Structure formats: structure tokens, C-alpha cells
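Working notes for the structure below.
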Amino acid sequence: MALLELNGIKKIYGNVRALWDVSISVGQGEWIAIMGPSGSGKTTLMNIIGCMDKPSEGSVILDGVNISKESARNLTALRRDKIGLIFQQFHLINYLTALENVMVAQYYHSLPDEAEALQALGRVGLQERARHLPSQLSGGEQQRVCIARALINYPMLILADEPTGNLDEANEKIVLSILRNLHAEGSTIIVVTHDPEVAEEAQRTIVLEHGRIAAVTENKREKAE
Amino acid sequence: MIISSLARRRSRMFVALLAVAIGATVLSGLVTIYYDIPRQMGQEFRSYGANLILMPAGDEQTLTREKTETVRAIFPAESVTGMAPYRYQAAKINEQPFMAAGTDWAEARAASPYWYVTGDWPLGAGETLIGQEVADTIRLLPGSVFTLTGTGEGGEIFSRDFTVTGVVQTGGTEEAFIFMSLADFTALMGEGQFDVVECSIRASETELAAWAAEIESTVPGVTPRLVRQVTQSEDAVLGKLQALVYLVTSVVLLLTMICVATTMMAVVTERRREIGLKKALGASNREVVNEFLGEGVLLGALGGLLGVALGFFFAQAVSMNVFNRPITFQPLLAPGTLIISMLITGLACLPPVKSAADVDPAIVLRGE
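If you read the protein sequences in the order shown, they are chains A and B. Under this note's numbering, read the first sequence as residues 1 to 225, first letter to last. Under this note's numbering, read the second sequence as residues 1001 to 1368, first letter to last.
This is the structure:
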């Protein structure tokens, strides 16, 4: 059974068709890339998959739950329990240390556990920088804290919005390597990106244009071991 | 984590805390003054002289010392500013008729602090204070000696020299009197009781009226008479002053609320992206609301605590400058100010907290 199933979803804002008849199936442990020009509906799709919005029509089944019919409160709970979010702009809370930023996600999920948060930072190679504020970290380090935060509650689905969009080449490689490792460990990943190199890391690339699926390509790269 | 995060946002928190603390200080200070006004102004009003006169009742011609002491016992000791007894008898200087009055200098001075004396108050035997009218009529000055003649209450004729130590101006009938000590008066006129006792009591009109009724019913032969002009104007001025302070306090409360609401609104606007992120991470609306309300109420508590301490010093400074007397600390005001500060910040936080709950978590994906 697919972890995520989008069936003929449409999203309409007034007269604007942000998404039109989009159907995607994502299996457990798959790595999907979503590409497309600005205004193609990538962000709308991310919002829907991330339980932050509901489609105007169609169904979205996440781990057997039809999220298009759930209340806002249930969507919050689904997002908290099943999804890990990675943002292009990192979105770290600037007055909290790297460790505390990770613990925030634990706080809203269950209970903050410093040892576990330190372990998550260790997975992204930042245990030594745990007590630093975001302003004391480089862009790449901030993105790695963001990844540690996304992982801390063991989500079923990692949703990454342009995870390397604000990084230099060296940091892009580090972040991609972390994503590869996560995928190798069995994580399901959906990445929205403009970067073909990032998209190539995925098993499948879905290209959106004007709110519709314009192309789906299976990538040749084998799943990283 | 929460405390260290608050500490790291200390500049913003300090601004918000300052807003609450200033409001709480002014509130606590004004309420302290509000409650202390009757006591402070009561003392001020006592400088306008007697507000209760004791007179003989019915067939009685005089007031005995015993009755005067019985009446004194009815008033709380701390409320009695002065109870000046007077005996009156006609006398002459150079064949010109005047009214001689015997009194207790200390009590008269306490009960009538508004008397303006040119020269000194008498201290020893044979010393007098004369009214301005007497001084003008027979051209006497402080230091002048005059001979007082007349007939005592027993019919014996007297003639005695007195030294003027001071000339008194009151703007009233006292300016036509020659004042001397009760001892000198008794020596000239013979033993006798008081004609009238002028009392200056710190109390509201209602309290005075109640004590007057008690005197009338429990001390026979004594008629207490309220000096309505004084007691009524005291009550009217006190009422107006308290209403003014009440009004100012209400305005300050309103301004504090606006100030706190504005500050919290700025905090929410500033942290909109953070709220969106927290909601994206799975924070429920209730958790966001509790977080901001908790922060607001904590600010209210801290500001309230500061306000209690600073408010007392503020009230003390006002009291020392305006009344020249220290203020009394009102113990109930501390928890009161604390609770009101927490309530006000809580209330002021409601609109910004509502707008925090309305933040769309999707803003973090839109990069806003």
C-alpha cells in the first residue's frame, strides 16, 4: 500500500487553478522530486501533502487517512506525528540554540528529550555546535539543524522544500549526503527543487506546469546503499 | 529552555515589562494616594479650625471639666487634634468694654492653627494675646502693657496689668477678644466651668455626626454642634479629590492596556513567522494561545511586582511633596496590584493572541 496517494486533486483560488487533476502515488521508502517553474503549483502541492491545506476536489490519503476530510485540528496532529519538514530558509528560531530548536519539535510532539535531540544533531554532524545560536551557524549548519529537527520525531514522510536552495556547493553536497543516508535507512522523502542535480538524486521526478503534471521520469540512479 | 529563551529576548521583553511596570506603578501609587487622601486631607483640613463645638445644654450654663473629659473619651485618641475650652467674661481697658477669654494655650493652638499671631504666643502668667480689633482700638502692640479692669463672676472688682505678647488675626470674632490663660482668668474672675469647648477632630462628616449623636445621648448637659461649613466642605473636597484620582487611575489603566496590547501586538507581528513555524511543526492553536497568554501573564506578574514596590515610592514622593507627610502602606494593595496587572496584561494579550492563533502555518513554505 502506498504511503501517500493523491487522487485527482484540484485546488482553485477564485478563478485561478493552482492544481488541476493531480494524481501521485508515493510508496514507503520512496524518494520523489517535484520540479517545475514558479507558479506551477509546487508550493500548493507541498501545502496539501504537508497537511497545511486541503484540496478543493480529490482525495489525499496519507498512511490510510483521507486528509482532505480531516478537521484543522486533526491535520495539525497528522503533521506533527507523520511529517518532517525541511525548509529552504531553514526557519530556525533565532533566540533558541541549535539543540533547543530541535527540542521545540519534540515539545509539540511529546516531551523534550535533550539526549535524543543531541543524538539527532549528531546524525547531521552538529553535536559540537548544539549550544550555538542560529546566528552563530553557517547556512549549511542551519539547514542541518533544520534536518535534525525534521527527523527528531521519526516522521513517516520527510517533506523538503528546496533544501539546498540557499546553500553553496559544499553544503549542498553535505545536505544531499544526509538525505541519501536517510533514504538508505528507509525514510520516504519528497523534495521540491529547481535544481536538476538534486532532482536526479530522487528515484522519480514529477514535473508540474500550470498546476498539472507535465512529466514523470524514473531516474536511473540506484537507491544509495 | 523557556527561561533562557525569554532571557535571550530580553530587549523586547524589557520594553513590554517596562510598559506593564509603569502602568502598575502609577496604578498602585494612585490607589495608595486614593486611600490615603482622607487621612492626609483630614490633617490638612484640621488647620481650618474647630469642626465640632460643645455647648451647655438645657438649663446648664456651663460645661464641667468632667463632662469635657467624658466627651474626649468618646473620640478615638488619634483623631483628636485639639479640644480648646473657653471661659468668657466682659472686662474693660481704659473704660472701653471688651470680652476677656480664658483658654488652654496648647489646646487653643492645636485646635486653631489658622490663627495668625504677630509676636509670640503667651507662655507665662500675666501674658495675653489680643485680637487685632482690640489692638487697633487702643493702640497696643506686642510688648505693650495694659490694665484690665472689671467685675468677677462673684461680683468682686479686679484690676490687673497684662503684657501683650502677640496680636491675633483670625478674620472672625476672635479679633475683638483678649485671650489669657485659664489660670489668669480664674484668678481674676473666680472658679468656674467652661462656656464652650471648640473641638478639632479628624473625621468625615458621617463619623462626626455619629459621635455627636453619641455625645448627645450619653453625656447629659452637653450639646454638640457640627460646624457644617467646615465638615460639609471637607467631605465635598475629599469626594471630588477621590473622584479625580479614580478618574486618573481609570485612564492610566486604559492606557496601560493599550500600551501592553500594542507591545504584544508588535511581539506577535514580529514572531508571525515563528508562530507559523511552530504550527507547521505541530503546535495546536491552544498551545500557541497558551504560550503567548502565559508570556503575557508572566509579564503582568513581574510588572505588577515591580509596580507594587515602585508605586509605593511614587505615592510616598507625591505625599511628601504635596502633603509633606509620609504615606501609609496599604498591605492589601500588593496582591490587588499583582492580580490587576496579570488580568490587564491577560486581557490586553487577547487580541494579539487571537491573531497569533490565526497565523497560517503555510507561510513558512511560502517563505514569508
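Beta carbons: idealized from backbone N, C-alpha and C, even for Gly. Please read all numbers here as calculations on a predicted model, not as lab measurements.
Let me know the secondary structure DSSP gives residue i once reduced to three states.
i	result
E225 of chain A	Unreliable positioning characterises E225 of chain A in this predicted model, as indicated by a pLDDT of 41, which lies under 50. A coordinate reading is not provided.
D1358 of chain B	coil
C1259 of chain B	helix
D1184 of chain B	helix
T20 of chain A	Correcting the residue type first, residue 20 of chain A is Trp in the shown sequence and not Thr. Note: W20 of chain A maps to strand in three-state DSSP.
P1351 of chain B	helix
I206 of chain A	strand
P196 of chain A	helix
K54 of chain A	coil
E1156 of chain B	coil
T1337 of chain B	helix
I1112 of chain B	A small fix is needed here, since residue 1112 of chain B is Ser in this sequence, not Ile. Coil, per DSSP.
I1344 of chain B	helix
K1240 of chain B	helix
Y1246 of chain B	helix
N1285 of chain B	helix
D168 of chain A	coil
E201 of chain A	helix
E1234 of chain B	helix
R228 of chain A	The requested residue 228 of chain A does not occur in the structure, where chain A is confined to residues 1 to 225.
A1209 of chain B	helix
L1253 of chain B	helix
R226 of chain A	The structure shown has nothing for residue 226 of chain A, since chain A only spans 1 to 225.
N1412 of chain B	Nothing about residue 1412 of chain B can be read from this structure; chain B reaches only from 1001 to 1368.
S38 of chain A	coil
Q1380 of chain B	This structure cannot settle anything about residue 1380 of chain B, because the visible part of chain B is limited to 1001 through 1368.
V1268 of chain B	helix
R1008 of chain B	helix
Applying a beta-carbon distance threshold of less than 7 Å, which residues of chain B neighbour residue i?
i	result
H109 of chain A	G1282
R204 of chain A	The contacting residues do not exist; R204 of chain A stays about 21 Å from chain B at best.
T193 of chain A	Those within 7 Å of T193 of chain A in chain B number zero; the least Cβ separation is about 14 Å.
R73 of chain A	S1284
Which chain A residues sit within Cβ distance under 8 Å of residue i?
i	result
R1008 of chain B	Y95, L96 and L133
R1273 of chain B	H91
Which residues does DSSP list as the beta-bridge partners of residue i?
i	result
I190 of chain A	A:I32 and A:L159
P1085 of chain B	B:V1197
I1130 of chain B	B:V1167 and B:I1178
D1104 of chain B	According to DSSP, which records beta bridges pairwise, D1104 of chain B is partnered with nothing at all.
K1092 of chain B	B:P1097 and B:T1149
A215 of chain A	A:V207
P1224 of chain B	B:L1054
D1161 of chain B	B:T1147
T1118 of chain B	B:V1167
N7 of chain A	A:S59
V26 of chain A	A:L4
Y13 of chain A	A:V16
Under 7 Å Cβ-Cβ, which residues of chain A neighbour residue i?
i	result
E1207 of chain B	Simply none; closest approach about 58 Å.
List the residues of chain B that residue i touches, going by C-beta distances under 9 Å, in chain order.
i	result
V104 of chain A	M1001, L1277, K1278, L1281 and A1283
T76 of chain A	K1279, G1282, A1283, S1284, N1285 and P1361
R79 of chain A	K1279, A1280, L1281, G1282 and P1361
At a cut-off of 7 Å, is residue i close to the ligand COA when judged by its beta-carbon and the heavy atoms of the ligand?
i	result
Y107 of chain A	Summarising the ligand content, the structure contains no ligands, and the ligand COA is consequently not present.
In chain B, which residues lie with their C-beta within 8 Å of the C-beta of residue i?
i	result
L3 of chain A	Simply none; closest approach about 18 Å.
Checklist entry - Quick one, which residues of the segment 1330 to 1363 of chain B are near chain A if we go by CB-CB under 7 Å, in chain order? => result P1361 and A1362
Next on the checklist: So within the segment 58 to 139 of chain A, which uninterrupted alpha helix (DSSP H) runs reach at least 4 residues, ignoring any that extend past its ends?
Outcome noted: 72 to 82, 98 to 109 and 114 to 123
Checklist entry - For the segment 25 to 53 of chain A, which residues have a CB atom closer than 8 Å to at least one CB atom of chain B, in sequence order? => result T43, M46, N47, G50, M52 and D53
Item to check | Any beta strand (DSSP E) of 3 or more consecutive residues that is wholly inside the segment 1011 to 1080 of chain B | outcome: 1052 to 1056
Item to check | Members of the segment 113 to 124 of chain A that neighbour chain B once the beta carbon cut-off is set at 7 Å | outcome: none
Item to check | Contact set between the segment 1282 to 1308 of chain B and chain A, restricted to residues whose Cβ is under 7 Å from the partner | outcome: G1282, A1283, S1284 and E1287
Checklist entry - Taking a cut of 8 Å between CB atoms, which residues from the segment 159 to 176 of chain A lie near chain B? => result D161
Next on the checklist: Which residues of the segment 177 to 192 of chain A have a Cβ closer than 8 Å to any Cβ of chain B? Give them in chain order.
Outcome noted: none
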